[in-house]
Structures are given as C-alpha cells and as structure tokens.
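Numbering (full-length UniProt numbering), first residue to last: 1 to 166. Even for Gly, the Cβ is constructed at its ideal location relative to N, Cα and C. It should be emphasised that the depicted structure is a prediction, and the values quoted were computed from it without experimental measurement. Only one structure is covered here, and it is reproduced in the block below.
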C-alpha cells in the first residue's frame with residue numbers, strides 16, 4: 001500500500017475526532033497535553049520523511065500507536081486513535097472493512113479493542129496489529145471516498161444525531 005503523496009492529519013483534526021467521540025458518550029472533553037498531541041501527529045510524518053516509510057497502513061498504525069501512547073486527551077484516546085487512523089487511510093485512498101469489529105478474541109471482546117488496549121500499554125504490539133489489520137484494509141475507488149463495499153464514509157454517532165467526517 002505504497003503512496004508517494006499523502007494527506008496528513010493535523011492536531012485540530014484529532015481534536016475534532018475526540019470531541020465527537022466524547023460528545024457521543026457524554027465524557028469530559030479536553031486536551032491534557034498539547035505538546036504530546038502535536039508529537040503524536042508528527043510521528044508518522046517523521047517516519048515518512050526521515051525513514052522513507054511510504055506504506056500508508058504502517059503510517060496509519062503509527063497514528064494509532066502514537067496517539068495511544070501520548071494520551072493527550074482527557075478521555076477517549078484509543079477511540080480517537082483508531083478513528084484518526086481510519087480518517088488518515090480514507091484521505092489517502094483506503095478504508096477498513098467494518099467487519100473488523102466482528103472478529104472476537106478468546107474472551108469474546110472485539111480483537112480491535114484488545115489491540116487498542118494493548119498498544120496503549122505496549123507500543124511494540126503495533127507491528128502485530130498492522131499484520132492483523134492488513135487483510136481488512138482495501139483501496140477506495142479513484143482514491144476518493146467512494147467505496148466498493150460497506151464503510152465508504154467515516155461516520156460517528158453523536159448525541160445530536162450522526163455527524164459525517166472525512
């Protein structure tokens with residue numbers, strides 16, 4: 001999934017994603033550490049520009065890992081991390097099959113949740129998460145937001161209805 005010219009997320013994008021998540025669950029919204037948030041956003045870009053990492057999935061997983069590690073928000077860091085990764089993928093011509101939510105671990109919990117909880121504690125799990133997630137990532141038609149299957153638009157439920165982002 002090599003891409004040469006990427007659309008990057010900015011801290012304000014993550015703030016919006018987080019605000020939508022906490023609004024939906026009536027949690028407390030806030031950025032606890034702006035510097036950590038900015039560092040989390042920059043990490044995938046540094047991998048791209050300094051390490052010549054061109055794989056869009058690897059960079060999306062870097063978003064997940066760096067946002068989970070940073071814990072820059074008061075609430076909903078893991079949900080924000082995954083949604084940010086999906087928004088990054090979508091803005092660069094890929095999406096994640098919604099069926100990813102239906103794969104359960106041995107405890108009956110969605111695997112995606114297990115990975116996010118583990119990555120938050122152990123960032124070295126990111127490579128395993130990337131290998132696991134890869135079969136669920138597919139290209140969008142024309143590098144736009146149209147999808148050949150389910151999940152062509154990134155939608156988040158809010159207390160006021162549904163807001164679409166991306």
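- prompt: Are there 16 or more other CB atoms within 10 angstroms of the CB of residue 104, so buried, or fewer, so exposed?
  reply: exposed
- prompt: What is the residue span of the alpha helix (DSSP H) that residue 137 lies within?
  reply: Unbroken run through residue 137 is the beta strand (DSSP E), 137–139; no alpha helix (DSSP H).
- request: Grab the span of the alpha helix (DSSP H) containing residue 13 for me, first residue to last.
  value: 11–25
task: Could you please give the first and the last residue of the uninterrupted beta strand (DSSP E) stretch that includes residue 96?
output: DSSP places residue 96 inside the beta strand (DSSP E), whose first and last residues are 94–96.
message: How far does the alpha helix (DSSP H) with residue 100 in it extend, from its first residue to its last?
response: Counting along the chain, residue 100 falls outside any alpha helix (DSSP H), and DSSP gives it neither H nor E.
query: Measuring CA to CA, which of 54, 74, 33, 16 is closest to residue 7?
result: 54
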